[in-house]
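S.K.:
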Amino acid sequence: MTTSRTLAILTAAALITAGCGGSTSSDNASGNTPSSQPSTIGPSDMPNDQAPPPRLLVDVTIKDGKVTPANEQLKAGVKEQIIIRINSDAADELHVHSTPDHTFKVEAKPMQSFQFTVDVPGKVDVELHKLNQIIATIQVQ
Amino acid sequence: MITDRSTAVLAHGLGGSTDLPIPLSYALIGAAWALTFTFAVVALAWRRPRFDPDRPGRPLPRWVTTLVDAPATRWAVAIAALAFAVWVMVAGFVGPQDEDNPLPGVFYVLLWVGLVALSLVFGPVWRAISPVRTVHRLLGRRSLGLPYPERAGYWPAAAGLFAFVWLELASPDPGSLGAIKIWLFAYFIVTLAGALCCGDRWCARADPFEVYSVVASPLSPLRSNRDGRIAIGNPFDHLPTLPVRAGTLGVLAVLLGSTAFDSFSASPGWRGFVDAHTHSPATATLLRTAGLLVFAAVVGGTFWLAARTTGGVDARRRRELPGLMAHSLIPIVIGYVFAHYLTYLVERGQQTIFLLLGLHDAQVHYVLSMHPPVLASIKVGCVVAGHIAAVIAAHDKALRLSPASGRCPQPAVYQLTGQLAMMLVMVGYTFTGLYLLFGG
């Protein structure tokens, strides 16, 4: 039983490695502008362009209590501009759990932009407080 | 872009970012070392038990013992700790009721992680600093003299530890000052009432923090010899002194299972699962509680089974094995706790102390977060070192328990098969731990 457990862990580890490549490409679907696309394509896809991207843009839609995207995995650089653009039909609060924390008021209107940078490397949760929903976890490194 | 700090919710009880995952290569190197070392120990290491809990440590000069055991010292330390607790509670009530309040930091970082670090250096310190013990002593150590139910063993403490990790990892809002105050109030009342009914023994068996401190303390180089002298000794000699009672394994399972669940519950897969299957904070809490229970039960269950399959013992001994082997789990628990919470202790610890002192502008030094490769190396180092120590302790104990140990060395093959299940379970814990640090 324990052997199969160990095997399962190894297999899972292998699958997750494969999964990392998959999730980065799905970031494109979250609506990045063309200028920031290099950040979301694996280095193997664009071998000539490995320069750090200037900014990370996340498009968020809040409609009828549903948030898209949700529990997204993103990456950004230290001190890189991170912009969260929200179309919302309800007022809420955007919490960025970086060090230190940022909090923004979200109003019920389209095209609101919230911009911040993260100075300390780490995993940063971007959360909508009232809906209690994590939009994305950004790995800042 | 209005920043309104007063309403920020505190994810994980504390807010702020969490550690980056460790790189895959680090996890693989750590796993390879753990695996290699495990089988090297079992197949090639000593065949007669080497560690003896009765071996006295090297005594320190007598004045050390005199100083440490002096009633004046004990009272001074106890009163200082009580004053600190009162100060924190006052700050919790009259301080700002937002994330500038130091109470969550003291509760989740200084108490939960700091206590382990202190116990690792100085031994079971909670006995000396427990505010409940101090209050009880100030009341003249009165008690009704009821006997502590021996069958309960450490189970009340395991339940208390579970209540703590439940608040941190499963409750709807771990950062809520109100919830933390209620938790602390309940803890204080239950522990003080127990002490008033059953005396000090209640504190020793049922106070979750005291038992946590006792569990971490055998790894400390400091110990007291049988004659009471404070001495420095080999932690491996000291590890088997962990009291074997009902619930010893339960305490360890809650500690290891909850730390693993902490990593696991941050994974997007689990978060998506919780979001998809629950529609209210209450059901989400129930699901997380179930997850926490499953993690603790899997740790406890696998260890119990593996200990019972140790070779070369009779049926009566076999029943005692899970308790007798439980101490070998301590290094894994402590290694994993440090891998997981070291940045919290070092960085949130500074932040908490600044908040306590009212130094809101003081600069926190992010010594670990700013250097991810160093941090990842330390984390893998903690996990692998804990694993290696656990394997050595389990190997030695298995030799001591085996009836052949006194007469002739066991053949290597027999030794290998007799310990195989335990070693595989430990490798399983370590691989899971590394995997969660990498992927969680």
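Protein chains in written order, with numbering that gives the first Met the number 0: chain A, 0 to 140; chain B, 0 to 439.
Glycine is no exception: its CB is placed at the ideal position from the N, C-alpha and C atoms.
Computed from a predicted model, the values in this text were never measured in an experiment.
Going by other Cβ atoms of all chains shown within 10 Å of its Cβ, with 16 needed for buried, is S25 of chain A buried or exposed?
M.R.: Residue confidence is low: S25 of chain A scores 36 on pLDDT, short of 50, so the model does not pin down where it sits. No coordinate-derived value is stated.
S.K.: For P109 of chain A, which residues in chain C fall below 8 Å Cβ to Cβ?
M.R.: The question asks about chain C, but that chain is absent: this structure's protein chains are A and B.
S.K.: Check A75 of chain A in the structure and name its three-state DSSP category.
M.R.: strand
S.K.: Check each residue of the region 63-91 of chain A: if its Cβ is closer than 7 Å to any Cβ of chain B, include it; give the result in chain order.
M.R.: Listed in sequence order: A69, N70, Q72.
S.K.: Buried or exposed, going by whether 16 or more other CB atoms sit within 10 Å of the CB of T258 of chain B?
M.R.: buried
S.K.: Can you give me the start and stop residues for the beta strand (DSSP E) that I140 of chain B sits inside?
M.R.: It should be pointed out that residue 140 of chain B corresponds to Arg in this sequence rather than to Ile. Where R140 of chain B is concerned, there is no enclosing beta strand (DSSP E), given that its DSSP letter is neither H nor E.
S.K.: Entirely within the region 271-348 of chain B and at least 4 residues each: give me those alpha helix (DSSP H) ranges in chain order.
M.R.: 280-307, 314-324, 329-342
S.K.: Could you check whether the Cβ of T17 of chain B sits closer than 8 Å to any Cβ belonging to chain A?
M.R.: Taking Cβ atoms only, chain A reaches closer than 8 Å to T17 of chain B, which makes this a yes.
S.K.: I want to see whether chain B comes within less than 8 Å of T60 of chain A, judged by CB atoms only; does it?
M.R.: No - not a single Cβ of chain B is within 8 Å of the one on T60 of chain A.
S.K.: Taking its Cβ as the centre, do 16 or more other Cβ atoms sit within 10 Å of H359 of chain B, making it buried, or is it exposed?
M.R.: exposed
S.K.: Quick check on the DSSP output: the beta strand (DSSP E) that includes G121 of chain A runs from which residue to which?
M.R.: In the DSSP annotation of this structure, the continuous segment of the beta strand (DSSP E) that includes G121 of chain A starts and ends at 121-127.
S.K.: Leaving aside the five residues before and after P267 of chain B along the sequence, list all residues of the same chain whose C-beta is less than 6 Å from its C-beta, in chain order.
M.R.: Cβ within range, chain order: n/a, list empty.
S.K.: Between M369 of chain B and chain A, is the shortest Cβ-Cβ distance under 8 Å, so that the two count as touching?
M.R.: yes
S.K.: Can a CB atom of chain A be found closer than 8 Å to the CB of Y335 of chain B?
M.R.: no
S.K.: Expressed to the nearest angstrom, what Euclidean distance is found between the alpha-carbon atoms of H326 of chain B and R307 of chain B?
M.R.: 15 Å
S.K.: So for E92 of chain A, helix, strand or coil by DSSP?
M.R.: strand
S.K.: Quick one: give me the first and last residue of the beta strand (DSSP E) that K108 of chain A is part of.
M.R.: Neither: K108 of chain A is in no beta strand (DSSP E) and is coded neither H nor E.
S.K.: Between F235 of chain B and M422 of chain B, what straight-line distance do the alpha-carbon atoms span, to the nearest angstrom?
M.R.: For the pair F235 of chain B and M422 of chain B, the Cα-to-Cα distance works out to about 18 Å.
S.K.: Could you tell me which whole alpha helix (DSSP H) segments of length 4 or greater appear in the region 188-274 of chain B?
M.R.: Correct list: 199-205, 207-215, 234-237, 247-264.
S.K.: So for R54 of chain A, helix, strand or coil by DSSP?
M.R.: strand
S.K.: Along the chain, where does the beta strand (DSSP E) containing I82 of chain A start, and where does it finish?
M.R.: Here the beta strand (DSSP E) through I82 of chain A covers 80-87.
S.K.: Count the C-beta pairs between the region 84-98 of chain A and the region 279-299 of chain B that are closer than 8 Å, then say yes if the count reaches three, no if not.
M.R.: With a cut-off of 8 Å, the region 279-299 of chain B and the region 84-98 of chain A do not count as touching, because too few Cβ pairs lie within range.
S.K.: Sort B:L355, B:D18, B:Y428 by Cα distance to Q138 of chain A and report the nearest one.
M.R.: It is B:D18.
S.K.: From A77 of chain B to A127 of chain B, what does the alpha carbon distance come to, in whole angstroms?
M.R.: 6 Å
S.K.: Within 10 Å of its beta-carbon, does M110 of chain A have 16 or more other beta-carbons around it, so buried, or fewer, so exposed?
M.R.: exposed
S.K.: Short check: CB of T301 of chain B to CB of G427 of chain B, under 8 Å?
M.R.: yes
S.K.: Is G20 of chain A helix, strand or coil when you go by DSSP?
M.R.: Note that G20 of chain A has pLDDT 37, beneath the 50 cutoff, so the model's placement of it is unreliable and the number below is only indicative. Helix.
S.K.: Is the shortest distance between the beta-carbon of P280 of chain B and the beta-carbons of chain A less than 8 Å?
M.R.: yes
S.K.: May I have the straight-line CA-CA distance separating C196 of chain B from L145 of chain B, to the nearest angstrom?
M.R.: 6 Å
S.K.: If contact means a Cβ-Cβ distance below 8 Å, which residues of the region 166-178 of chain B contact chain A?
M.R.: none
S.K.: From L344 of chain B to A389 of chain B, what does the alpha carbon distance come to, in whole angstroms?
M.R.: 24 Å
S.K.: With distances taken between CB atoms, is the gap from R347 of chain B to L119 of chain B smaller than 8 Å?
M.R.: no
S.K.: Please go through the same chain and pick out, in chain order, the residues whose beta-carbon is closer than 7 Å to the beta-carbon of R49 of chain B, but skip the five residues on each side of it.
M.R.: D395
S.K.: Can you list, in chain order, the residues of its chain whose CB lies under 8 Å from that of S35 of chain A, leaving out five sequence neighbours each side?
M.R.: A caution first: S35 of chain A carries a pLDDT of 39, below 50, which makes its placement in the model unreliable, though a value can still be read off. P52, P53, R54, L55, L56.
S.K.: What is the DSSP secondary structure of H101 of chain A, counted as helix, strand or coil?
M.R.: strand
S.K.: For the alpha helix (DSSP H) containing A389 of chain B, name the first residue and the last one.
M.R.: Per DSSP, A389 of chain B belongs to the alpha helix (DSSP H) from 371-400.
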